[in-house]
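Chemist:
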Amino acid sequence: MQRFRQVGWAVGLLGACQIGNGVAQTTPDTAPTTPAANVAPALAASVPDQNFPRYGELKPAVSFWTRVFSQYSELQSVVHSSLYPDKVFTVLDFRGDATTMSDAALAHRRHDAEQAAEDHVDDLFKRVQAKQYAPATMSAEERRIYDMFADVPGGADKFKDMIGTARVQRGLRERTQNALEVSDRYLPSMEQTFSDYGLPIKLTRLPLVESSFDLDAYSKSGAAGIWQFIPSSARVYMRLDNVVDDRRDPWTSTDAAARHLRDDYSMLGDWPLAITAYNHGRNGIARALDAVGGKTLMDLIDRFDGKRFGFASKNYYAEFLAAVDVEHDYRERAGAARSAKPLEFEVVETKNYVPYDTLRRLCGASDEAFQRLNPAYRPEVIEGKLYVPPGHLIRVPYGSARAFEVGYSKLGAHERFDSQRAYYELYKVQRGDNLGAIARHHGVSQQVLMSANELRSANMLRIGQIIKIPPKTEARPGPITVAIGESKPEQTVQQRLDEARKVQRDNDAARTKGHSRPRFRTHKVERGQTLSGIAHLYNVSVSDLRSANHLKTTTLRIGQRLKVPLDS
43 MQRFRQVGWA VGLLGACQIG NGVAQTTPDT APTTPAANVA PALAASVPDQ
93 NFPRYGELKP AVSFWTRVFS QYSELQSVVH SSLYPDKVFT VLDFRGDATT
143 MSDAALAHRR HDAEQAAEDH VDDLFKRVQA KQYAPATMSA EERRIYDMFA
193 DVPGGADKFK DMIGTARVQR GLRERTQNAL EVSDRYLPSM EQTFSDYGLP
243 IKLTRLPLVE SSFDLDAYSK SGAAGIWQFI PSSARVYMRL DNVVDDRRDP
293 WTSTDAAARH LRDDYSMLGD WPLAITAYNH GRNGIARALD AVGGKTLMDL
343 IDRFDGKRFG FASKNYYAEF LAAVDVEHDY RERAGAARSA KPLEFEVVET
393 KNYVPYDTLR RLCGASDEAF QRLNPAYRPE VIEGKLYVPP GHLIRVPYGS
443 ARAFEVGYSK LGAHERFDSQ RAYYELYKVQ RGDNLGAIAR HHGVSQQVLM
493 SANELRSANM LRIGQIIKIP PKTEARPGPI TVAIGESKPE QTVQQRLDEA
543 RKVQRDNDAA RTKGHSRPRF RTHKVERGQT LSGIAHLYNV SVSDLRSANH
593 LKTTTLRIGQ RLKVPLDS
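Written out as structure tokens, the structure is:
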């Protein structure tokens with residue numbers, strides 16, 4: 043069992059950040075195995091940096107997003123131009139309503155008011171379009187719109203072309219202030235990780251844009267964690283299965299984000315493009331550059347008109363620069379009052395399938411403390427329905443690793459096992475299915491199905507989707523397991539065994555054919571790579587990789603050479 047000392051930082055603030063009164067008029071599948079020794083407190087991300095150019099054309103957008111992060115309240119709705127973000131038509135203020143209305147009533151009123159404001163802006167554009175050659179006949183409100191867009195080029199239909207371009211941006215002041223305080227728990231170790239990869243430490247401020255440093259952040263598109271990885275990207279850079287979701291682990295996901303951004307930069311050779319690629323996708327950015335014959339982000343913003351390259355992608359770099367500025371200003375104001383206290387922990391490794399609560403008990407941590415150090419485990423693991431697999435690196439409070447090892451060595455057969463618990467049955471969605479009917483057929487509630495599959499709505503099913511069916515009772519789990527998520531989701535245990543035997547037979551046959559071409563290529567494991575990521579890279583299944591290399595767990599070593607099966 044390995045033991046490491048890992049040092050993080052928890053920072054308490056003695057002074058508050060003054061970021062404006064906000065009053066607006068209505069207008070790797072493993073934890074790091076090397077200690078982060080002598081980690082310094084978070085560094086102030088000073089503004090000048092040649093890696094992150096301040097394009098003059100983006101200055102208005104950066105100014106707008108700075109106000110969104112630091113001035114506008116969450117209870118204010120900024121109605122502005124999606125083409126020229128700094129052109130603000132009005133700010134709707136719901137802070138008074140929030141003191142007298144229920145959340146549901148407030149949400150309804152706010153939605154209606156925002157829609158009405160957008161419609162009103164469109165009506166103003168129509169009226170200004172009709173009167174643009176006779177500004178003296180305009181009302182004060184119409185003249186304000188006319189003057190606001192005086193610096194915007196365009197012909198006779200300039201104002202007509204603006205119809206439908208108004209959008210609403212809700213303020214983020216409170217969330218950002220909380221994020222700046224919470225970030226001090228993670229930024230020192232995040233900066234160390236990015237420094238180890240040779241990356242600019244300013245990139246560690248991206249979670250301010252992505253998630254406001256909310257570990258539980260989850261988007262409509264399925265992105266999760268402080269770095270908001272979507273499932274497809276997560277499976278390349280970390281572990282995401284029915285046991286763990288490393289996106290929710292700030293340490294592991296930061297290492298994954300560093301490698302993701304490193305790969306973005308490696309392809310695009312420019313940080314504004316690489317940062318935008320983190321939001322839009324590196325292949326999409328590369329194709330867009332080819333389409334316009336461009337080399338810079340401004341080439342894309344000015345000349346590329348792809349449907350997917352919309353407001354979010356065009357503004358992402360400006361949001362990042364604004365977040366850097368707001369965070370820098372925060373540290374300038376509060377830096378002298380900060381006192382950092384190190385949060386220390388050690389890392390130990392499991393050798394068997396073990397219940398989560400057994401591991402927590404061995405290190406003597408409270409439920410809250412243990413989960414804070416190991417936030418990636420799924421509810422089914424925490425509740426004991428699935429075990430923590432062998433080869434997992436577990437964070438324990440500093441000073442408890444030795445006691446953990448002693449206790450682990452004394453565990454009986456009833457607390458450590460050679461195989462995973464069977465839990466989920468799998469069902470492939472067919473044409474005409476609905477969640478309620480599936481739930482009734484399997485004798486479980488619709489809400490249980492939604493929770494097990496992280497469905498925000500019962501209408502999110504699609505034909506061919508594989509969904510997990512929990513057992514009717516928790517006493518005896520069902521006969522089919524998907525606990526090791528790297529295996530093909532539609533496979534039963536017997537099917538996986540049959541597949542492994544087939545691979546072995548194929549390998550045996552290959553050895554008897556002296557003149558056959560090799561059945562394997564070789565891959566050398568690099569830092570941060572996971573078995574599922576390597577499988578994705580070569581378009582093979584994880585079960586094939588494990589069988590070809592006789593792997594009992596998914597744990598890999600840097601420098602390890604893997605045999606990768608070739609297509610037949």
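Going by this note's numbering, the first residue of the sequence shown is number 43, and it counts up by one from there.
The beta carbon of each residue, even a glycine, is placed where N, CA and C say it ideally should be.
#1: Closer than 6 Å: is that where the CB of residue 265 sits relative to any heavy atom of the ligand ATP?
#2: Return the CA-CA distance between residue 510 and residue 593, expressed in angstroms with no decimal places.
#3: When the distance is taken between beta carbons, is residue 289 closer than 7 Å to residue 267?
#4: What does DSSP give as the partner residue(s) for residue 318 in the beta ladder?
#5: Please state whether DSSP places residue 119 in a helix, a strand or coil.
#6: With a cut-off of 7 Å, does the C-beta of residue 430 fall near any C-beta of chain E?
#7: Should residue 354 be labelled buried (16 or more other beta-carbon atoms within 10 Å of its own) or exposed?
#8: From what residue to what residue does the beta strand (DSSP E) around residue 437 run?
#9: For residue 583, tell me which candidate among 563, 606, 404 has the shortest Cα-Cα distance.
#10: I'd like the list of long-range same chain contacts for residue 131, defined as Cβ closer than 7 Å, with 5 residues on each side in sequence excluded.
#11: Threshold first: 4 residues or longer. Then list the alpha helix (DSSP H) segments lying entirely within the segment 215–247, N to C.
#12: By how many angstroms is the C-alpha of residue 568 removed from the C-alpha of residue 300?
#13: If you draw a straight line from the alpha carbon of residue 313 to that of residue 505, how long is it in whole angstroms?
#14: How big is the Cα-Cα spacing for residue 231 and residue 389?
#15: Taking the CB atoms as reference points, tell me whether residue 236 and residue 245 lie closer together than 7 Å.
#16: Using DSSP's beta-bridge definition, name the partner residues of residue 135.
#17: Out of 174, 117, 126, state which residue places its alpha-carbon closest to the alpha-carbon of residue 153.
#18: Compute the Euclidean distance between the alpha carbons of residue 361 and residue 110, then round it to the nearest angstrom.
#19: So, using beta-carbon positions, are residue 186 and residue 115 closer together than 7 Å?
#20: Using 7 Å as the threshold, is the C-beta distance between residue 507 and residue 471 below it?
#21: Can you check whether the CB of residue 222 is closer than 7 Å to the CB of residue 372?
#22: DSSP puts residue 565 in a beta bridge; with which residues?
#23: Could you tell me the boundaries of the alpha helix (DSSP H) in which residue 450 lies?
#24: Keeping to the same chain, check which residues put their C-beta closer than 7 Å to that of residue 615; ignore five residues upstream and five downstream.
#25: In whole angstroms, give me the CA-to-CA distance for residue 102 and residue 364.
#26: Indicate the three-state DSSP secondary structure (helix, strand or coil) for residue 388 in the structure shown.
#27: Cα separation between residue 91 and residue 316?
#28: Using the three-state DSSP reduction, which class does residue 202 fall into: helix, strand or coil?
#29: Among all the DSSP beta bridges, which residues are the ones paired with residue 211?
#30: With three or more C-beta pairs closer than 8 Å as the rule, is the segment 393–407 touching the segment 435–442?
#31: Where are the alpha helix (DSSP H) runs, 4 residues long or more, that stay fully inside the segment 331–380, in chain order?
#32: Let's test the definition: count the other Cβ atoms within 10 Å of the Cβ of residue 150 and tell me whether it reaches 16, buried, or not, exposed.
Modeler: The structure says:
#1: With respect to the ligand ATP, the structure shown offers nothing to examine, as it has no ligands at all.
#2: Position 468 of the sequence shown, counted from the start, is the residue given in the question as residue 510. Position 551 of the sequence shown, counted from the start, is the residue given in the question as residue 593. So the two alpha carbons sit approximately 26 Å from each other.
#3: Here the question's residue 267 lines up with position 225 in the sequence shown. Here the question's residue 289 lines up with position 247 in the sequence shown. Yes. Within cutoff.
#4: Within the sequence shown, numbered from 1, the residue matching residue 318 stands at position 276. None; residue 318 has no bridge partner.
#5: The sequence position of residue 119 within the sequence shown is 77, counting from 1. In the structure shown, residue 119 sits in a strand (DSSP, three-state: E or B).
#6: Of the protein chains in this structure there is only one, and it is not chain E.
#7: In the sequence shown, residue 354 corresponds to position 312, counting from 1. By the neighbour-count rule (16 or more Cβ atoms within 10 Å), residue 354 is not buried but exposed.
#8: Within the sequence shown, residue 437 is the residue found at index 395, counting from 1. 435–439 is the extent of the beta strand (DSSP E) around residue 437.
#9: Within the sequence shown, numbered from 1, the residue matching residue 583 stands at position 541. The shortest Cα separation from residue 583 among 563, 606, 404 belongs to 606.
#10: Numbered from 1 along the sequence shown, position 89 holds the residue referred to as residue 131. Contacts found: 121, 122, 163, 208.
#11: 215–225, 229–238
#12: Along the sequence shown, read from residue 1 onward, the residue named residue 300 stands at position 258. Along the sequence shown, read from residue 1 onward, the residue named residue 568 stands at position 526. Distance between the alpha carbons of residue 300 and residue 568: 14 Å.
#13: Reading the sequence shown from its first residue, position 271 is the one you call residue 313. Reading the sequence shown from its first residue, position 463 is the one you call residue 505. Cα-Cα distance, rounded: 39 Å.
#14: Mapped onto the sequence shown, residue 231 falls at position 189. Mapped onto the sequence shown, residue 389 falls at position 347. So the alpha carbons of these two residues sit roughly 15 Å apart.
#15: Indexing the sequence shown from 1 puts residue 236 at position 194. Indexing the sequence shown from 1 puts residue 245 at position 203. A contact, by the Cβ cut-off of 7 Å.
#16: In the sequence shown, counting from the first residue as 1, residue 135 sits at position 93. Partner(s): 118.
#17: Residue 153 sits at position 111 when you count from the first residue of the sequence shown. Residue 153 has its Cα closest to that of 117, out of 174, 117, 126.
#18: Residue numbering aside, residue 361 sits at position 319 when the sequence shown is read from its first letter. Residue numbering aside, residue 110 sits at position 68 when the sequence shown is read from its first letter. So the two alpha carbons sit approximately 9 Å from each other.
#19: In the sequence shown, the residue the question calls residue 186 occupies position 144. In the sequence shown, the residue the question calls residue 115 occupies position 73. For residue 186 and residue 115, no; Cβs fall outside 7 Å.
#20: Within the sequence shown, numbered from 1, the residue matching residue 507 stands at position 465. Within the sequence shown, numbered from 1, the residue matching residue 471 stands at position 429. For residue 507 and residue 471, yes; Cβs fall inside 7 Å.
#21: Sequence index remark: in the sequence shown, residue 372 carries index 330 (1-based). Sequence index remark: in the sequence shown, residue 222 carries index 180 (1-based). For residue 372 and residue 222, yes; Cβs fall inside 7 Å.
#22: If you number the sequence shown from 1, residue 565 lands on position 523. For residue 565, which the question treats as bridged, DSSP gives the partners 604.
#23: Along the sequence shown, read from residue 1 onward, the residue named residue 450 stands at position 408. 443–451 is the span of the alpha helix (DSSP H), which, as asked, contains residue 450.
#24: The structure shown does not extend to residue 615, since the chain is modelled only from 43 to 610, so the question has no answer here.
#25: Counting from one through the sequence shown, the residue named residue 102 turns up at place 60. Counting from one through the sequence shown, the residue named residue 364 turns up at place 322. Their backbone Cα atoms lie some 11 Å apart in a straight line.
#26: Position 346 of the sequence shown, counting from 1, holds the residue named residue 388. The answer is strand: DSSP assigns residue 388 an E or B state.
#27: By one-based count along the sequence shown, residue 91 stands at place 49. By one-based count along the sequence shown, residue 316 stands at place 274. Computed Cα separation, rounded: 16 Å.
#28: Counting from 1 along the sequence shown, the entry for residue 202 is found at position 160. The answer is helix: DSSP assigns residue 202 an H, G or I state.
#29: Stepping through the sequence shown from its first residue, residue 211 is reached at position 169. 120, per the DSSP bridge assignment.
#30: yes
#31: 339–345, 353–376
#32: One-based indexing of the sequence shown puts residue 150 at position 108. The residue in question, residue 150, is exposed, as its Cβ has fewer than 16 Cβ neighbours within 10 Å.
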